[in-house]
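K.L.:
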Amino acid sequence: MDASFSFNGSRFVDEPTAVRGFLHAAHKTATLRVTVGGVSKPIKLSAAGVKEFAAQNETGKFDVELRLDTVLQYKGRKAKCPLVVICPLKLQLVDPDVAATAFQKTKCTVLRAKKSGC
Numbered sequence: 001m002d003a004s005f006s007f008n009g010s011r012f013v014d015e016p017t018a019v020r021g022f023l024h025a026a027h028k029t030a031t032l033r034v035t036v037g038g039v040s041k042p043i044k045l046s047a048a049g050v051k052e053f054a055a056q057n058e059t060g061k062f063d064v065e066l067r068l069d070t071v072l073q074y075k076g077r078k079a080k081c082p083l084v085v086i087c088p089l090k091l092q093l094v095d096p097d098v099a100a101t102a103f104q105k106t107k108c109t110v111l112r113a114k115k116s117g118c
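Quick note on the UniProt record's numbering: the sequence shown kicks off at 1 and runs consecutively.
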C-alpha cells in the first residue's frame, strides 16, 4: 500500500510512503496511521498553487489530499484487485502551546478496477 499527500496537485514528496501490507478480516475496520515525509522540504507549486497557498495561509486552513494506492487479493481468489482511495483533508494551523488538534471525519472516494474476480 502506498500513501501520498498533495496540495493543489503538488505532492509533498516525490516517492509515496509505503505502508506494510496486512491481512484484513471481512466486515472489520482497520486504522492506519500515516506520517507525512518531507515536511521540512519545500514543494514546487505552480503560479496558481502559490496563490492558493497564500489564500489558505490567510485563513489558516489548508486543503490537502491523501491518496492510498493498494492491491487487494480476496481469500480463495487469485485475482489481484487494484484499489485507490482519495480523501480530501482540511488541515488547520494551531499553536501547539495553546490548543489541541481537532480532527473531523471526511468522505473518501473509492475507485475500484472493473476486473473479473474483483
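Idealized CB from N, CA, C, for every residue including glycine.
1. How is the alpha helix (DSSP H) around residue 54 delimited, first residue to last?
2. By how many angstroms is the C-alpha of residue 114 removed from the C-alpha of residue 94?
3. When DSSP builds the beta bridges, which residues end up paired with residue 110?
4. Considering just the uninterrupted stretch of the beta strand (DSSP E) at residue 3, what are its terminal residues?
5. Please state the DSSP three-state secondary structure of residue 90.
P.N.:
From the atom records:
1. Taken as a continuous stretch (DSSP letters only), the alpha helix (DSSP H) holding residue 54 covers 47 to 59.
2. 42 Å
3. 85
4. 2 to 7
5. strand
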